[in-house]
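Take a look at the structure below.
2 protein chains.
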Amino acid sequence: MAELTPETQTPVRRGRGRRPADQVRAEILTAAGELLLAEGMAGFTIEKVAAHAGASRMTIYKWWPSKGALALDGYFTVVAPTLAFADTADIVADLTNQLVAFVHLVRDTTAGRVISQLIGQAQTDPELAAAYRERYSGPRRALAVETLTRAIARGQLRADIDPESVVDQLWGACYHRLLIADLPLTEDFARTLVDNLIRGLR
Amino acid sequence: MAELTPETQTPVRRGRGRRPADQVRAEILTAAGELLLAEGMAGFTIEKVAAHAGASRMTIYKWWPSKGALALDGYFTVVAPTLAFADTADIVADLTNQLVAFVHLVRDTTAGRVISQLIGQAQTDPELAAAYRERYSGPRRALAVETLTRAIARGQLRADIDPESVVDQLWGACYHRLLIADLPLTEDFARTLVDNLIRGLR
DNA sequence: GGTTATATGGACACAGCGTACACAGCGGTG
DNA sequence: CACCGCTGTGTACGCTGTGTCCATATAACC
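Taken in order, these protein sequences are the chains called A and B. The letter at position 164 of the first sequence is residue 164 when you use this note's numbering, and the numbering goes up by one with no holes. The letter at position 51 of the second sequence is residue 253 when you use this note's numbering, and the numbering goes up by one with no holes.
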């Protein structure tokens, strides 16, 4: 009789030898994401991730080139990308909604702290910086630029504006308050940003 | 006749006992600033600062609460604050000049790398974050807000705008490109930021 | 079933942090 | 001039985390 082990489905994970690679990778990623949300980048060490995942550090070193890469992967594993960008005919409403949603994500969840610490770590970790640009900020920027470009095509915005700079003045302003934090990042602030740009200052 | 000691001014520094406290502090700060500019926050360790200053680590631990505090103090020691803010009657020219100067400071000197790494470190170092806000970003923001307020008083800008948010949309946008760096931080970009806000998008 | 790939525990050297202790010398006090 | 407190110096220790190396065990593949 084969070993009839009723709950062998939950792997014991205490064997010495090889476990399924995909399973181990998944467990490491989950552990990384949870540790990131729980302790932030300060307490995020490869040793803790390995311990939390019940894996050995060697495995992590084999699959991820740097701590930053692991953190970013873990972040995406736990926090779904959520890159949706509602596009109605009203550019002002679209921008405002997106900015307000971003403000809430950053303020009301732990995602804000994680994002800011990922960006912080990226300042001294070129690999993480490249990965962050390529996989996070790049796609988000592209979506916003696309929305602005469509609004220009519809004649809602001046044709000669530079959409990229506008993105920096909306999202960049929010990141400024997130990273420097000398003033609070509020919903009103987000609305004011759109208003300033649309109406002009004089 | 004061002591005319031609080169006794450079102390031998190789004794075992005590040296003047102020002198040691000054040498540590200079060493910290130089190390910061040379290697950035990545290679900035208390051990290296101590070695470079010819001091012992104990002394540094006694006077500075954290690595971040030492780095910030060292930065201010080497890079003069330079908080001047020219104020002519032309608000557009003033803002543009200030932003362009900031862009050049950040792009053409090592200060940009140091600033971004200080901000990065501040994301996981609350003491450094507080010191940075209090001693660097706070005063700079206040100067910019003051300039905008005067322009409003002169009737050059709408009276109902929020100067703080405008600061975020000008300098924050630059910091965004400095910290994320998915697009270059150019002089043209700085001019476009002012133009976008002044003229409005439609 | 045999082979290969790979996860595991354990060990190692190394760097940096933070602390402790004894000693040395400067600056003041008497 | 003698003394003593403050403070820098050298040295040592324990701790955490990194990055790398093994030998071994076992899943996955042929």
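For glycine and all other residues, C-beta sits at the position ideal for the given N, C-alpha and C. Quick caveat: nothing in here was measured; it's all calculated off a predicted structure.
Margin query: Contact criterion: CB-CB distance below 9 Å. Does T124/A meet it with respect to chain B?
Written below: In the first sequence, counting from the first residue as 1, residue 124/A sits at position 124. Chain B, which has a Cβ nearer than 9 Å to the Cβ of T124/A, makes this yes.
Check: Would a C-beta distance cut-off of 9 Å place I60/A and V49/A closer than the cut-off?
Finding: As a first step, residue 60/A is located in the first sequence; it is residue number 60 there, counting from the start. As a first step, residue 49/A is located in the first sequence; it is residue number 49 there, counting from the start. Yes.
Notebook entry, point to check: Just the Cα atoms here: how many angstroms apart are R315/B and R19/A?
Noted result: The sequence position of residue 315/B within the second sequence is 113, counting from 1. The sequence position of residue 19/A within the first sequence is 19, counting from 1. If you draw a straight line from the Cα of R315/B to the Cα of R19/A, it is about 43 Å long.
Item checked: As assigned by DSSP and simplified to three states, the class of V79/A -> Counting from one through the first sequence, the residue named residue 79/A turns up at place 79. Three-state result, V79/A: coil.
Checklist line | DSSP-derived helix/strand/coil call for T30/A | finding: If you number the first sequence from 1, residue 30/A lands on position 30. In this structure, T30/A counts as helix in the three-state DSSP scheme.
Checklist line | Minimum Cβ-Cβ distance from H52/A to chain B less than 9 Å | finding: As a first step, residue 52/A must be located in the first sequence, where it is residue number 52. Answer no: the Cβ-Cβ gap between H52/A and chain B never drops below 9 Å.
Checklist line | W171/A to G40/A span [Cα, whole Å] | finding: On the first sequence, residue 171/A is found 171 positions in, with the first residue counted as 1. On the first sequence, residue 40/A is found 40 positions in, with the first residue counted as 1. So the two alpha carbons sit approximately 22 Å from each other.
Check: Can you round the beta-carbon distance between A55/A and E34/A to whole angstroms, since I take them to be within the 8 Å contact cut?
Finding: Here residue 55/A refers to the residue found at position 55 when the first sequence is read from its first residue. Here residue 34/A refers to the residue found at position 34 when the first sequence is read from its first residue. Between E34/A and A55/A the Cβ distance is about 14 Å, and since that is not below 8 Å, they are no contact.
Next item on the list: Report the neighbours of S339/B on chain A: residues whose CB is nearer than 8 Å to its CB, in chain order.
Entry: The residue given as residue 339/B occupies position 137 in the second sequence. When 8 Å is used as the limit between beta carbons, S339/B is near these residues of chain A: I180 and D182, in chain order.
Next item on the list: Taking H104/A as the query, report the chain B residues whose CB atoms sit under 9 Å from its CB, ordered along the chain.
Entry: The residue labelled residue 104/A in the question sits at position 104 within the first sequence. Neighbours of H104/A across chain B, judged by C-beta separation under 9 Å, do not exist; the nearest C-beta is about 18 Å away.
Margin query: Contact between the region 121-140 of chain A and the region 383-393 of chain B is defined here as three or more beta-carbon pairs at a separation below 8 Å; is this criterion met?
Written below: Inter-segment contact for the region 121-140 of chain A and the region 383-393 of chain B is present: three or more beta-carbon pairs are separated by less than 8 Å.
Check: Is it the case that the Cβ atoms of T298/B and A392/B are separated by a distance below 9 Å?
Finding: Translated into the one-based positions of the second sequence, residue 298/B becomes position 96. Translated into the one-based positions of the second sequence, residue 392/B becomes position 190. Going by C-beta atoms, T298/B is nearer than 9 Å to A392/B.
Notebook entry, point to check: Could you check where the alpha helix (DSSP H) with A55/A kicks off and where it finishes?
Noted result: By one-based count along the first sequence, residue 55/A stands at place 55. The continuous stretches of alpha helix (DSSP H) do not include A55/A, and DSSP gives it neither H nor E.
Next item on the list: Return the CA-CA distance between G74/A and L29/A, expressed in angstroms with no decimal places.
Entry: Here residue 74/A is taken as the residue at index 74 of the first sequence, counted from 1. Here residue 29/A is taken as the residue at index 29 of the first sequence, counted from 1. One C-alpha to the other measures close to 5 Å.
Margin query: Against chain A, does R352/B count as a neighbour if the rule is that its beta carbon must be under 9 Å from one of theirs?
Written below: Against the second sequence, residue 352/B aligns to sequence position 150. No, R352/B lies away from the interface with chain A (no Cβ there is under 9 Å from its Cβ).
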